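In mature numbering (1 follows the signal peptide of the UniProt record, and there is no 0), the protein residues as written are -29 to -1, 1 to 299.
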Amino acid sequence: MIVVQKRVPALLAAAAASALLLSACSGGASPTSTPSASSSAAATASPCKDTPSGSEVESVKVSGNLGEAPTVEIPAPLAIDATQRTLAITGTGDETKTGDTVEVSITMYNAQTGAEVAPMQKAAATVDDTKFLPGFVRAIECVPVGSRVVALVDSADAFGTTGSSDSAVKADEDVVIVADILSITPDRATGEPQPEVEGMPKVTLDDSGRPTVTIPDAEAPKDLKLAVLKQGDGEEVQEGDTVSVQYQGTNWSTGKVFDESWGKQIASFQTTGVVKGFSQALVGQKVGSQVIVVIPPALGYGDAGQPSAGISGTDDLIFVIDILQTTR
């Protein structure tokens, strides 16, 4: 099985992987994977906690513009018994809550040495401490969009008694996280509805935005075929971008849904980390769009198929994809 890595610095991940993927054999021109989202997050994510401030975190001086690399002065060594948080910039947007997917800029420092251990990186992260370090989640939850958060994270909420995998943070060392809350990713495409395309499967949406696909009584197209169902006006997806999407995969031959993010969590992955047909459906489209794509076997799982998902080597795949965010 192939696993897509999280869209945050590896240091912040609570586990090595967040999503199980249906995968084809790798090598040569073979496709790689289609995304799949864990179903456990919504059920087990911690409730939103408004983490208090404290004199130690207030002693950390942070300057610079939102979304740009901060200038940080840490009066190291700092040590605490419980995670603290303060706002260097207070935003005016919607407040983040448990389960939201949030676009953030993240920088991390060792609180004992003051050294930077993870340079600023834009990322998409779910407010869910089953997926990310609890201290990171404490930093980004219950915060208005447009804020810059400074969190002094206790080691128990960070890397505990083992330290980080790269040894930048040793056992029982606390960390400082500076996180800019840039946006909350919508849970569905918000673009303008487009006319139906003749010959393509029909798509209807329920109140949550989850699609139902009706397959025409006809043979699947021989080549990849794509139609835009909703036209967004956001940033255009480029090859190599990391995207956040809602998606549903249906087998043209059986009419059965074999994989989807709906009812689970938004999926995030690089366009280069999925089967070719899925990638081709994304690149060139704009954020806010919803597309439907019919993928022939050669651009999906190839001759081997994906037996564990009920996909044979001759099955065409239908994906409805809501493009919610892209970063590079």
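Glycine included, every Cβ here is placed at the ideal spot set by N, Cα and C.
Computed from a predicted structure; not experimentally measured.
When the alpha-carbon of Val114 is set against those of Ala142, Thr22, Pro268, Thr297, the nearest one is in Thr22.
By a beta-carbon distance limit of 8 Å, Thr78 contacts Pro90. Their separation comes to about 6 Å. Residues Val208, Gln209, Glu210, Thr242 of the same chain have their beta carbon placed closer than 7 Å to that of Val254, with the five preceding and five following residues left out of the count.
In the three-state reduction of the DSSP assignment, Pro187 falls in the coil class, being assigned neither a helical nor a strand state. In this structure, the straight-line span from the alpha carbon of Leu288 to that of Val168 is close to 17 Å. Looking only at Pro46, Leu153, Pro278, Ser224, the smallest Cα-Cα distance to Val120 is reached by Leu153. Rounded to the nearest angstrom, the gap between the Cα atoms of Gly134 and Val98 is 22 Å.
Put simply, the backbone Cα of Gly35 is about 52 Å away from that of Thr185. Cα atoms of Gly25 and Asp125: separation of roughly 12 Å, rounded to the nearest angstrom.
Apart from the 5 residues on each side of it in sequence, Lys173 sits with its Cβ closer than 6 Å to the Cβ of Thr185 in its chain, given in chain order. C-alpha of Val216 to C-alpha of Phe240: approximately 9 Å in a straight line.
Per DSSP, the unbroken alpha helix (DSSP H) holding Ile111 starts and ends at 105 to 111. Straight through space, the alpha carbons of Lys141 and Leu270 are spaced by roughly 45 Å. Counting other Cβ atoms within 10 Å of its Cβ, Gly62 reaches 16 or more and is therefore classed as buried. Per the DSSP secondary-structure output, Phe229 pairs with nothing in a beta bridge. Taking the Cβ atoms as the reference, Val258 lies roughly 6 Å from Thr297, within the contact range of under 8 Å. Each residue's CA atom was taken as its position, placing Asp194 and Lys201 some 22 Å apart. Counting the other Cβ atoms within 10 Å of the Cβ of Pro41 gives 16 or more, which makes it buried. In terms of Cβ geometry, Asp293 and Gly284 do not form a close pair [threshold 8 Å]. A Cβ-Cβ separation of about 4 Å places Gly203 in contact with Ser260 under the 8 Å criterion.
DSSP places Gly220 within a strand segment (E or B) once states are collapsed to three.
Secondary structure at Leu37: coil, using DSSP grouped into helix, strand and coil.
In the DSSP assignment, Ala95 falls within the unbroken beta strand (DSSP E) covering 87 to 97.
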